[in-house]
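In my numbering, the protein residues as written are 300 to 502.
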Amino acid sequence: MACSDNVVRAGLTPKFKDVECLLGMLQYDPRSMDDLIFPGTPRLIEGLTDETLSESLRAQIISFIPPVEDFAVDKIVIPRTVQTLELLPIASASILLFIHGSGFLQRLPCSDSASNPSEAEYLSESDSLPAKPVARVHEVIHFNRGSVVFISANVPCCVHHSLTPKSEDSDGPLLAFRAYANVEHRRPSVHLLSTETGEFLSD
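Here it is in C-alpha cells:
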C-alpha cells in the first residue's frame, strides 16, 4: 500500500498530504482495553449436559466470528478427562493448529450416498459371495504441539487426545485453534469417553 494511490498521508513525506481527509477517516473515541477484545461465543456440544461433568473437566469450543465472510476461528479445549472429540463436517475447508497436547487425528468417512453403496448394490456384483465390505480403513495423522493439519470441506474427523504419561506435552488440556471461512455450517460436537471405565458417557 505504500505505493498505492489509496494511501492518505498527513506528514513526514514529500508526497501529497491531505490532513483533513485523514482526520475524517479516523475515530478518536476513548475505549478501554477490554472493549477492544473480540468476544467469543461458547458453542453447543452434543451429548454434554450440565450434570455430566464440572466446567473444568468439559471440552469447550469457543467461536470467534467477525461480521465478515472471510474467516472465523474456533478455540478448542480438550481436558484429559475427554479422550475423543468428534468434529462434525463444515461447509468450508479449515486449518487446525495444535498449540498444546498430542495425539492423532482420525479422518471419518463422509456421509455421502455415492461413496456408500447400498447392500443391494453390493450383492448384485456377485452371485456367489456378497461384496459388501466388513471393515474400513481410516486415515490417521499423528500430531503434537505445533502441528498444522488441513481439513477439507464437509469432512468429519475425530481428535484423539493422547494420555501417555511422562510426556512433556501431556500435562494440561489439549489446546487447538481451527480457522475457516465464515460460512453457514454445523458446529463441532463431542462424544465423551471416560478415561477410567473406557465407556462413552453419552449416547
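For glycine and all other residues, C-beta sits at the position ideal for the given N, C-alpha and C.
Small disclaimer: the values here were computed from a predicted structure and weren't measured.
Under DSSP, P341 forms a beta bridge with I361. Per DSSP, the continuous alpha helix (DSSP H) segment holding V318 begins and ends at 318-324. Rounded to whole angstroms, the Cβ separation of I389 and A452 is 7 Å, and the two are in contact under 8 Å.
L404 has its alpha-carbon roughly 10 Å from the corresponding atom of L384.
Of R357, L462, C409, F449, the smallest CA-CA separation from S401 is found for L462. Secondary structure note for L384: its beta strand (DSSP E) is the uninterrupted segment 383-386. In this structure, R444 and I398 form a Cβ contact; the two beta carbons are roughly 7 Å apart against a cut-off of 8 Å.
With contacts defined by Cβ atoms closer than 8 Å, R342 and I360 form a contacting pair. Per DSSP, the unbroken beta strand (DSSP E) holding V439 starts and ends at 438-442. At the C-beta level, R477 and S391 stay beyond 8 Å of one another.
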